[in-house]
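Visitor: Sequential numbering from 325 applies to the sequence shown in the numbering used here. Each residue gets a CB set at the ideal place from its N, CA and C atoms; glycine is no exception.
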Amino acid sequence: MSLCRRGLSPDASRGSWGVVLLAEAQDGSYTAAPRSGELLASKGGQGLDWVSSGMPVEKGKEAVVMQAPLYPYNWGLCCECLRCCGRRDPRPRTVWLGHPEKRDQRYPRNVINNQKYNFFTFLPGVLFNQFKYFFNLYFLLLDCSQFVPEMRLAALYTYWVPLGFVLAVTIIREAVEEIRCYMRDKEVNSQIYSKLTARGTVKVKSSNIQVGDLVIVEKNQRVPADMIFLRTSEKNGSCFLRTDQLDGETDWKLRLPVTCTQRLPTASDLLQIQSYIYAEEPNIDIHNFVGTFTREDSDPPVNESLSIENTLWASTVIASGTVVGVVLYTGRELRSVMNTSNPRSKIGLFDLEVNCLTKILFGALVVVSLVMVALQHFAGRWYLQIIRFLLLFSNIIPISLRVNLDMGKIVYSWVIRRDSKIPGTVVRSSTIPEQLGRISYLLTDKTGTLTQNEMVFKRLHLGTVAYGLDSMDEVQSHIFSIYTQQPQDPPALKGPALATKVRKTMSSRVHEAVKAIALCHNVTPVYESNDVTDQAEAERHYEDSCRVYQASSPDEVALVQWTESVGLTLVGRDQSSMQLRTPGGQILNFTILQIFPFTYESKRMGIIVRDESTGEITFYMKGADVVMAGIVQYNDWLEEECGNMAREGLRVLVVAKKSLTEEQYQDFEARYVQAKLSVHDRSLKVATVIESLEMEMELLCLTGVEDQLQTDVRPTLETLRNAGIKVWMLTGDKLETATCTAKNAHLVTRTQDIHIFRLVTNRGEAHLELNAFRRKHDCALVISGDSLEVCLKYYEYEFMELACQCPAVVCCRCAPTQKAQIVRLLQERTGKLTCAVGDGGNDVSMIQEADCGVGVEGKEGKQASLAADFSITQFKHLGRLLMVHGRNSYKRSAALSQFVIHRSLCISTMQAVFSSVFYFASVPLYQGFLIIGYSTIYTMFPVFSLVLDKDVKSEVAMLYPELYKDLLKGRPLSYKTFLIWVLISIYQGSIIMYGALLLFESEFVHIVAISFTSLILTELLMVALTIQTWHWLMIVAELLSLSCYIASLVFLHEFIDVYFIATLSFLWKVTAITLVSCLPLYVLKYLRRRFSPPSYSKLTS
325 MSLCRRGLSP DASRGSWGVV LLAEAQDGSY TAAPRSGELL ASKGGQGLDW
375 VSSGMPVEKG KEAVVMQAPL YPYNWGLCCE CLRCCGRRDP RPRTVWLGHP
425 EKRDQRYPRN VINNQKYNFF TFLPGVLFNQ FKYFFNLYFL LLDCSQFVPE
475 MRLAALYTYW VPLGFVLAVT IIREAVEEIR CYMRDKEVNS QIYSKLTARG
525 TVKVKSSNIQ VGDLVIVEKN QRVPADMIFL RTSEKNGSCF LRTDQLDGET
575 DWKLRLPVTC TQRLPTASDL LQIQSYIYAE EPNIDIHNFV GTFTREDSDP
625 PVNESLSIEN TLWASTVIAS GTVVGVVLYT GRELRSVMNT SNPRSKIGLF
675 DLEVNCLTKI LFGALVVVSL VMVALQHFAG RWYLQIIRFL LLFSNIIPIS
725 LRVNLDMGKI VYSWVIRRDS KIPGTVVRSS TIPEQLGRIS YLLTDKTGTL
775 TQNEMVFKRL HLGTVAYGLD SMDEVQSHIF SIYTQQPQDP PALKGPALAT
825 KVRKTMSSRV HEAVKAIALC HNVTPVYESN DVTDQAEAER HYEDSCRVYQ
875 ASSPDEVALV QWTESVGLTL VGRDQSSMQL RTPGGQILNF TILQIFPFTY
925 ESKRMGIIVR DESTGEITFY MKGADVVMAG IVQYNDWLEE ECGNMAREGL
975 RVLVVAKKSL TEEQYQDFEA RYVQAKLSVH DRSLKVATVI ESLEMEMELL
1025 CLTGVEDQLQ TDVRPTLETL RNAGIKVWML TGDKLETATC TAKNAHLVTR
1075 TQDIHIFRLV TNRGEAHLEL NAFRRKHDCA LVISGDSLEV CLKYYEYEFM
1125 ELACQCPAVV CCRCAPTQKA QIVRLLQERT GKLTCAVGDG GNDVSMIQEA
1175 DCGVGVEGKE GKQASLAADF SITQFKHLGR LLMVHGRNSY KRSAALSQFV
1225 IHRSLCISTM QAVFSSVFYF ASVPLYQGFL IIGYSTIYTM FPVFSLVLDK
1275 DVKSEVAMLY PELYKDLLKG RPLSYKTFLI WVLISIYQGS IIMYGALLLF
1325 ESEFVHIVAI SFTSLILTEL LMVALTIQTW HWLMIVAELL SLSCYIASLV
1375 FLHEFIDVYF IATLSFLWKV TAITLVSCLP LYVLKYLRRR FSPPSYSKLT
1425 S
């Protein structure tokens, strides 16, 4: 090497620049001249890349050096100054154990922040979010115009109080949410952890943890940051992790520490060694990780590959032992934070319809204002007159509509939560309860949603013979015979009779199959103390009563429990060994040489074990038939029997084995370790090495486990079908199992045909199959994910048109993204509302895409229920949620919105009549408190009490789901009903105003007194006319409003003549006007119910 280049160095104390020498290697690259404790930055075109001393720098770059140990407190300052020119993209990192000051780039603070605003942005942010909507901005501009004297119509508070009330409600609601969010974040960020330092163990807050820190996490404690697992206190050298808050799976995950650091005598020795971890850039993949661990001060240097098994992601919980980890990622770079997508903000169809109606009202407001000015022949400053009339008739658009509907939604959510018939139901999105009343398509997952996700072992198939539940005692006797005769000489060396030979051959086949099932899994037996035995003693003696099995899949546990029932019991396991107990109590020891976990891509898992008693090395594998068919030796029964078992509704696994010699295994291990150490394309290289073993394996058996249906799934699906809702089942399971479950759950009725869409791979095949399907009528469709993808690629419109005509659709082998795509296509093609139901993490995308997402809290965890708009505990609760609560919410909101509009149009009609009579003058009819009181204390409670109304009892709604079908047409809130209410408003407003003008005698205040009292009484009577089922709170609301009005008359002498009100003349005039405005409507309602009754009235009579 020759020193040839000059670089620049910042002097950390003075901020000046010094000179650094770079060494040029023969290949033309540059390396910083190694000086103790220096950190370097190579200056390229993209800014500054911080590197360690001695690391290579690209040719043509300059270097910047900084004395980190001398000026430790200026490092952050320097980074802050250089951050603007540094690369901000996520990059791989080198993390030195226990030395956060040796960082090679700037990392975010380890704080969790879920707040939308901070102290300074809260008020501006909330106000901006309110006034970005046209109508709120419209009211603000109108209210601001009252500061201009020429435009002022009344006292300022007349206009500002209603707007202020609406804003106050919104601000208070947002403030409460923000405070709750802040308290939750503060609680998480303030959790105390132990950190290993040179001075010993110190306590540190979660928010002060840095990349490179060595953090100790106790049992049942949350992992504070993304870490690499270094040490555990557990004797078996591994730990269990609860990941339900990260991936939604309730089963524990096994995690393994770095071998090199686990072997150190004490945890404090981690600070004595010189070691670092090279890790990939932060990303959102929680199921994969690529990194390497390097220890420099050993001879030779130690290199270990790191994978997902060595990680402890933030938001998981340590389930066993105490662990030590080194922090890799913090703050916004955490896997859990990067996976927190902001789901789309769902706006209900009902809200969009109401917005549309308010736009029509705005058009009417502008037209009426222009007509008034036109009738004045646009005289004088006509543009000011237009603004005054816009203000005068601004009640046409009810400012209280949004508040009333929002408060109604809160009431509906509260009623749903309080319903004792559907316990445990949670409303997570209170903005869309009306959506539940108009669902046309229900898309449901299968496993854990329609089924219980509780597996029962039902079938063992060996090709020539099959064992069901009734013949498991034969399997038990085969296993017993093997282990009671094994101490004798092996049968192969003897020459017994043929019958014995055949029987022993069958016994050995059964034994091989059971042993493979007992060894090939990721299940770990965990011993817990009970009243009699403590944990340590239970573990030592393998106490059956204290043992529970933990695994990442309920299928696995069912298989291991079955091997226990037939005599071969899994009693112990750590990361390197496994113990089985025979029927005679003998312990069989196996060393785990390699384990290849199950993935959704590979659809199989494998394990290589060495039998300690014989030294034999065996590779066991189990997986789905589609992948195992190409791995096992040729046979003529696998495909047929897999199909038969799937038709019975069983989940099938194929089990196989392969014996390996020591040389074969050593060769494989060398290639496998090499592949695992590669940083680029690691997963591909590892898969290639494993596939070299997966050839010509011996087929041992098929296993069949059954997932039983949840309670009352059949009647619930029948209810939904009768309500006019089409049910689609989207599952990742295989075609035969999905079809069987669909029949079993009566998703497909006994009279319906099933068209199984055959596998298509190109456009031509898809065209032929679609033509074949087009000729079928009233036929359920079953299609696989692969065929679906081809159809959607070439014939999206044709396929969706045909599928939407089917009474039921089953999509099997569906990926999570496909589920969301189907939901999206249904919304686009039909324009109808969709509801998605699921229980696992793979259903989240579908739930978030649907108009209404329902999560079932199931065996797979809470991820789906946390992401959903509504969370239920059982699928059967969905029927009541839709038929009762959905129906009531929609009908109540429709009545409430139309009544609020009616209330506003009545007073606007009166104002229009008043202005017309008095030569189109822009003078307000009611001023001050009258106009505010009208839409608040005088009429608010009775109108809002409509949220308690119901047309039929909940039992009737459940018994006659056909009532739900009526709502799908959107009749409760349509242009027709809106027009009817507009005509009623114009009629009543005109009658009240003309009546008051005809009947008043001398003074203007008498018009105000007569018309306003008649208006209030008309509103109260109209509420009574609209109500279907009286609730005691409705009566209280009516009486309270009337009492408030009568009591307030004492204080309203400025607007109303109190002495005139006490006269008989006032009383008869008000009574006459009110009767004329309301009585015809009562007569019409009676005649309509008599001659054209609604469907529900036939059921209630």
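Candidates 531, 730, 556: which alpha carbon is nearest residue 658's?
Guide: Position 334 of the sequence shown, counted from the first residue, corresponds to residue 658. The shortest Cα separation from residue 658 among 531, 730, 556 belongs to 531.
Visitor: Go through its chain and collect everything with a Cβ distance to residue 603's Cβ below 6 Å, but skip five positions before and after it.
Guide: Taking the sequence shown and counting its residues from 1, the one referred to as residue 603 is at position 279. Excluding sequence neighbours, residue 603 sits near 417, 615, 652.
Visitor: Report the rounded CA-to-CA distance for residue 516 versus residue 547, giving the unit in angstroms.
Guide: Stepping through the sequence shown from its first residue, residue 516 is reached at position 192. Stepping through the sequence shown from its first residue, residue 547 is reached at position 223. C-alpha separation (whole angstroms): 11 Å.
Visitor: Could you pull the start and end residues of the alpha helix (DSSP H) that residue 1088 belongs to?
Guide: Reading the sequence shown from its first residue, position 764 is the one you call residue 1088. Segment 1087 to 1098, the alpha helix (DSSP H) holding residue 1088.
Visitor: Quick check: the segment 609 to 623 against the segment 894 to 902, are at least 3 beta-carbon pairs closer than 8 Å?
Guide: The segment 894 to 902 vs the segment 609 to 623: no contact.
Visitor: Pick from 717, 680, 753: whose alpha carbon is nearest that of residue 695?
Guide: Residue numbering aside, residue 695 sits at position 371 when the sequence shown is read from its first letter. For the residues 717, 680, 753, the minimum Cα distance to residue 695 belongs to 717.
Visitor: With 16 as the cutoff for other CB atoms within 10 Å, does residue 706 come out buried or exposed?
Guide: Along the sequence shown, read from residue 1 onward, the residue named residue 706 stands at position 382. When all chains shown are included, residue 706 counts as exposed.
Visitor: Pull up the distance between the alpha-carbon of residue 1087 and that of residue 599, whole angstroms please.
Guide: Counting from one through the sequence shown, the residue named residue 1087 turns up at place 763. Counting from one through the sequence shown, the residue named residue 599 turns up at place 275. Cα-Cα distance, rounded: 56 Å.
Visitor: To the nearest angstrom, how far is the alpha carbon of residue 576 from that of residue 567?
Guide: Within the sequence shown, numbered from 1, the residue matching residue 576 stands at position 252. Within the sequence shown, numbered from 1, the residue matching residue 567 stands at position 243. If you take the alpha carbons of residue 576 and residue 567, they lie about 7 Å apart.
Visitor: What residue range is occupied by the uninterrupted beta strand (DSSP E) comprising residue 1315?
Guide: In the sequence shown, residue 1315 corresponds to position 991, counting from 1. Here residue 1315 belongs to no beta strand (DSSP E); instead the alpha helix (DSSP H) covers 1299 to 1323.
Visitor: Compute the distance between the beta-carbons of residue 1105 and residue 1133, then report whether it is under 7 Å.
Guide: Along the sequence shown, one-based indexing puts residue 1105 at 781. Along the sequence shown, one-based indexing puts residue 1133 at 809. Going by C-beta atoms, residue 1105 is nearer than 7 Å to residue 1133.
Visitor: Use the C-beta contact count for residue 1286: other C-beta atoms within 10 angstroms, 16 or more gives buried, fewer gives exposed.
Guide: If you number the sequence shown from 1, residue 1286 lands on position 962. By the 10 Å Cβ count, residue 1286 comes out exposed.
Visitor: If contacts are defined as beta-carbon pairs under 8 Å, then residue 1350 and residue 1223 qualify, I think. What distance do you get, rounded to the angstrom?
Guide: As a position in the sequence shown, residue 1350 is number 1026, starting the count at 1. As a position in the sequence shown, residue 1223 is number 899, starting the count at 1. Yes, residue 1350 and residue 1223 are in contact; Cβ-Cβ is about 7 Å, under 8 Å.
Visitor: Taking 7 Å as the threshold (C-beta atoms), are residue 555 and residue 591 in contact?
Guide: Taking the sequence shown and counting its residues from 1, one reaches residue 591 at position 267. Taking the sequence shown and counting its residues from 1, one reaches residue 555 at position 231. In this structure, residue 555 lies closer than 7 Å to residue 591 by Cβ.
Visitor: Given a threshold of 16 other Cβ atoms within 10 Å of its Cβ, counted over all protein chains shown, does residue 1408 qualify as buried or as exposed?
Guide: One-based indexing of the sequence shown puts residue 1408 at position 1084. Classification of residue 1408: exposed, given that the 10 Å Cβ count is below 16.
Visitor: Can you list, in chain order, the residues of its chain with a C-beta nearer than 7 Å to that of residue 578? Leave out the 5 residues immediately preceding and following it.
Guide: Residue mapping note: residue 578 aligns to position 254 of the sequence shown, counting from 1. The residues are 562, 564, 846, 848.
Visitor: Please report how far the alpha carbon of residue 1230 lies from the alpha carbon of residue 777, in whole angstroms.
Guide: Residue numbering aside, residue 1230 sits at position 906 when the sequence shown is read from its first letter. Residue numbering aside, residue 777 sits at position 453 when the sequence shown is read from its first letter. Each residue's Cα considered, the two are about 58 Å apart.
Visitor: Determine, using beta-carbon pairs with one atom in the segment 833 to 847 and one in the segment 978 to 986, whether at least three such pairs fall under 8 Å.
Guide: Yes, the segment 833 to 847 touches the segment 978 to 986.
Visitor: Which two residues bound the contiguous beta strand (DSSP E) that contains residue 420?
Guide: Start at 1 with the first residue of the sequence shown, and residue 420 comes out as number 96. Run containing residue 420: 417 to 420, per the beta strand (DSSP E) assignment.
Visitor: Where does residue 391 land, buried or exposed, given buried means 16+ other C-beta within 10 angstroms?
Guide: As a position in the sequence shown, residue 391 is number 67, starting the count at 1. Any reading at residue 391 must be qualified, since the residue scores a pLDDT of 31, below 50, and its modelled position is unreliable; the value itself is stated next. Looking at its Cβ environment, which holds 16 or more other Cβ atoms inside 10 Å, residue 391 is buried.
Visitor: Three or more beta-carbon pairs under 8 Å between the segment 465 to 473 and the segment 677 to 696, yes or no?
Guide: Flag = no, the segment 465 to 473 and the segment 677 to 696 do not touch.
Visitor: What's the gap between the Cα of residue 1001 and the Cα of residue 1014?
Guide: Start at 1 with the first residue of the sequence shown, and residue 1001 comes out as number 677. Start at 1 with the first residue of the sequence shown, and residue 1014 comes out as number 690. Roughly 15 Å between the two C-alpha positions.
Visitor: If you reduce the DSSP assignment to three classes, tell me which class residue 913 lands in.
Guide: Position 589 of the sequence shown holds residue 913. Correct three-state label for residue 913: strand.
Visitor: Under 7 Å Cβ to Cβ from residue 818, same chain only, skipping five residues before and after it: list those, please.
Guide: For the purposes of this step, residue 818 is taken as the residue at position 494 of the sequence shown. With a pLDDT of 37 at residue 818, under the threshold of 50, the modelled position of this residue cannot be trusted, and the question is left open.
Visitor: Given this structure, state the Cα-to-Cα distance separating residue 593 from residue 648, to the nearest angstrom.
Guide: Mapped onto the sequence shown, residue 593 falls at position 269. Mapped onto the sequence shown, residue 648 falls at position 324. So the alpha carbons of these two residues sit roughly 12 Å apart.
Visitor: What do you get for residue 431, buried or exposed, if any count of 16 or more other CB atoms within 10 angstroms of its CB means buried?
Guide: Taking the first residue of the sequence shown as 1, we reach residue 431 at position 107. By the neighbour-count rule (16 or more Cβ atoms within 10 Å), residue 431 is buried.
Visitor: Which residue or residues does DSSP assign as beta-bridge partners of residue 870?
Guide: Residue mapping note: residue 870 aligns to position 546 of the sequence shown, counting from 1. Looking at the DSSP assignment, residue 870 forms no beta bridge with any residue, so it has no partner.
Visitor: Please report the straight-line C-alpha distance between residue 410 and residue 433, rounded to a whole angstrom.
Guide: Walking along the sequence shown from the start, residue 410 turns up at place 86. Walking along the sequence shown from the start, residue 433 turns up at place 109. Reliability of the predicted coordinates at residue 410 is poor, the pLDDT of 38 falling under 50, and the value obtained from them is presented with this limitation in mind. Distance between the alpha carbons of residue 410 and residue 433 is about 18 Å.
Visitor: Taking residue 1135 and residue 1146 to be in contact with their CB atoms under 8 Å, please state how far apart those CB atoms are, rounded to whole angstroms.
Guide: Your numbering for residue 1135 matches position 811 in the sequence shown. Your numbering for residue 1146 matches position 822 in the sequence shown. With a Cβ gap of about 7 Å, residue 1135 and residue 1146 count as contacting.
Visitor: Which residues in the same chain have their Cβ closer than 7 Å to the Cβ of residue 632, if we skip the five residues on either side of it in sequence?
Guide: Here residue 632 corresponds to residue number 308 of the sequence shown, with the count starting at 1. Excluding residues within five positions, the ones whose Cβ falls inside 7 Å are 611, 612, 613.
Visitor: Considering only the alpha carbon of each residue, which of 1260, 582, 1296, 595 lies closest to residue 627?
Guide: Numbered from its first residue, the sequence shown carries residue 627 at position 303. Residue 582 is the option with its Cα nearest to residue 627.
Visitor: Indicate whether residue 420 and residue 536 have their beta-carbon atoms separated by less than 7 Å.
Guide: Here residue 420 corresponds to residue number 96 of the sequence shown, with the count starting at 1. Here residue 536 corresponds to residue number 212 of the sequence shown, with the count starting at 1. In this structure, residue 536 lies closer than 7 Å to residue 420 by Cβ.
Visitor: In the DSSP assignment, the alpha helix (DSSP H) including residue 767 goes from what residue to what residue?
Guide: Locating residue 767 in the sequence shown gives position 443, counting from the first residue. Note, residue 767: premise wrong, no alpha helix (DSSP H); beta strand (DSSP E) at 763 to 768.
Visitor: Any chance you could list the alpha helix (DSSP H) runs of at least 4 consecutive residues sitting entirely within the segment 999 to 1026, in chain order?
Guide: If we require 4 residues or more, the alpha helix (DSSP H) runs fully inside the segment 999 to 1026 come out as 1006 to 1015.
Visitor: Could you give the distance in angstroms between the alpha-carbon of residue 1168 and the alpha-carbon of residue 1188?
Guide: Within the sequence shown, the letter at position 844 stands for residue 1168. Within the sequence shown, the letter at position 864 stands for residue 1188. Roughly 5 Å between the two C-alpha positions.
Visitor: What does residue 1103 pair with, by DSSP beta-bridge criteria?
Guide: Position 779 of the sequence shown holds residue 1103. Per DSSP, 1077.
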